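Quick note on numbering: this note's numbering labels position 129 of the sequence shown as 1556, and the sequence is numbered without any gaps. No residue lacks a Cβ here, since even glycine has one placed at the ideal position from N, Cα and C. Predicted model only: the values in this text are computed from it and were never measured. The structure appears right after this line, and notes come after that.
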Amino acid sequence: MVDGRRAPFLGEYQHALDAKGRFILPARFREHLGDQAYVTTEEDGCLALWRPEEFDVKATEIRDRARRGERDVQRAFFAGAMEASPDKQGRVAISQALRDFAGLERDVVVVGLYDHIEIWDAANWQRTKEVGEQRLAAGDGASAPS
């Protein structure tokens, strides 16, 4: 825990799905995840792994979108969500439907995004990361130091 909160998820890890659609969650992430987690679809075509408290925050955001007329988003989000706690070997099972959504076949990248974890197809992650790195280097959206 950091300042009474759970430590953030940081870093990038290469993994492969096994024949049962499981990947090994990095030990550093397991330490901070705890015994219960949820996996969901994410807007950028990846999957997200949430601790219960952050999942509740995300669920509230999705329900608010439904109140503004985006009920299809709510349906897709909650229909695809599932419990996904690591087993004793640190493996997390991903359903076939979620693997299909994110295009996960074999090589995956597990990425810490501070309050949650994303699971990407390795090739899709590389493209996404390159765009982000270019935007960071160009200063897009960043305020200039005073």
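Pick from 1556, 1437, 1464 and 1522: whose alpha carbon is nearest that of residue 1449?
1522
Assuming residue 1545 contacts residue 1535 (C-beta within less than 8 angstroms), just tell me the rounded distance between them.
10 angstroms between Cβ atoms; not a contact.
Endpoints, the alpha helix (DSSP H) within which residue 1523 is located:
1523-1529
Is DSSP giving residue 1539 helix, strand or coil here?
strand
C-alpha distance - residue 1504 paired with residue 1493, whole-angstrom precision:
11 angstroms
What is the DSSP secondary structure of residue 1562, counted as helix, strand or coil?
helix
Assumed close pair residue 1511, residue 1520 - CB separation to whole angstroms, cut-off 8 angstroms:
7 angstroms
Taking the C-alpha atoms as reference points, what is the distance between residue 1556 and residue 1495?
31 angstroms
Do the CB positions of residue 1508 and residue 1467 come within less than 8 angstroms of each other?
yes
Let me confirm a value: residue 1464 is counted as buried when at least 16 other C-beta atoms fall within 10 Å, else exposed. Which label applies?
buried
Under a three-way DSSP split, which group does residue 1553 fall into?
helix
In the DSSP assignment, find the unbroken beta strand (DSSP E) run with residue 1441 in it and report its ends.
1439-1443
Go ahead and pull the three-state DSSP assignment for residue 1534.
strand
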